[in-house]
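Heads up: the structure comes next, in structure tokens.
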Amino acid sequence: MTEQHSDRRRFDRIATDKPVVVVDGDGEHAGTVVDISLRGALLELDNGWRPALGDAVNARIAIDDSDNCCIYAEGEVAHLEGNRIGLHCLIMDLESASNLRRLVELNLADAELLERNLAELINA
3 MTEQHSDRRR FDRIATDKPV VVVDGDGEHA GTVVDISLRG ALLELDNGWR
53 PALGDAVNAR IAIDDSDNCC IYAEGEVAHL EGNRIGLHCL IMDLESASNL
103 RRLVELNLAD AELLERNLAE LINA
């Protein structure tokens with residue numbers, strides 16, 4: 003990750019290995035979430051698919067082994083690095099936002115840090 007990307011971040015990122023499916027006009031592309039925040043995610047894709055910067059994509063991130071707890075997000079490709087893509091989240095339904103908030107809350111283990119992240123999200 004370049005220094006430029008890390009300098010622009012306002013949200014704490016949570017390392018994870020949750021499965022993800024990214025959907026675009028070409029089909030579905032499976033992979034793994036490397037890290038996630040309230041505003042985006044770094045995804046590692048399995049099939050060598052290489053989108054263009056700014057491409058619109060949808061992502062489905064499985065939170066547990068059932069399909070009952072997922073995060074659905076509409077976003078755009080913010081950066082590319084090898085087989086990894088940075089997803090900037092633009093739209094998320096309420097249930098997905100609640101699931102993401104809970105995931106971040108459980109992994110930050112610091113209520114004050116979570117509140118600061120949420121305040122940044124609201125003011126963004």
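Numbering (this note's numbering), first residue to last: 3 to 126.
All C-beta atoms, glycine included, are put in the ideal place defined by N, C-alpha and C.
Between alanine 17 and the rest of its own chain, which residues show a CB-CB distance below 6 Å, the 5 nearest in sequence each way excluded? Answer for alanine 17: Asp37, listed in chain order.
Contacts around glycine 56, its chain only, beta-carbon distance under 7 Å, and the 5 residues preceding and following it disregarded: So the list reads Glu78 and Val79, once near-sequence residues are dropped.
Looking only at DSSP bridge pairs, what is alanine 61 linked to? Its beta-bridge partners are Val24 and Ala75.
Cutoff 6 Å; reference alanine 43; Cβ partners in own chain excluding five residues on either side: Cβ neighbours of alanine 43 beyond the five flanking positions: Val35 and Leu89.
Give the DSSP bridge partners of glycine 88, in chain order. Paired residues: Leu44 and His81.
Can you have a look at alanine 75 and say buried or exposed, based on whether 16 or more other CB atoms are within 10 angstroms of its CB? With 16 or more Cβ atoms within 10 Å of its Cβ, alanine 75 is classed as buried.
Using CA coordinates, which residue listed in Ile63, Leu92, Trp51 and Ser39 is at the minimum distance from glutamate 107? It is Ser39.
For a test of the three-state rule: what should DSSP assign to alanine 17, helix, strand or coil? In this structure, alanine 17 counts as strand in the three-state DSSP scheme.
First and last residue of the beta strand (DSSP E) that includes alanine 32? Residue range 29-38 is occupied by the beta strand (DSSP E) that includes alanine 32.
Can you list, in chain order, the residues of its chain with a C-beta nearer than 6 Å to that of proline 53? Leave out the 5 residues immediately preceding and following it. Exclusion of the five residues before and after proline 53 leaves Val79 as the residues of its chain whose Cβ lies within less than 6 Å of its Cβ.
Would a C-beta distance cut-off of 8 Å place valine 25 and leucine 47 closer than the cut-off? Against a cut-off of 8 Å, the Cβ pair of leucine 47 and valine 25 comes out as no contact.
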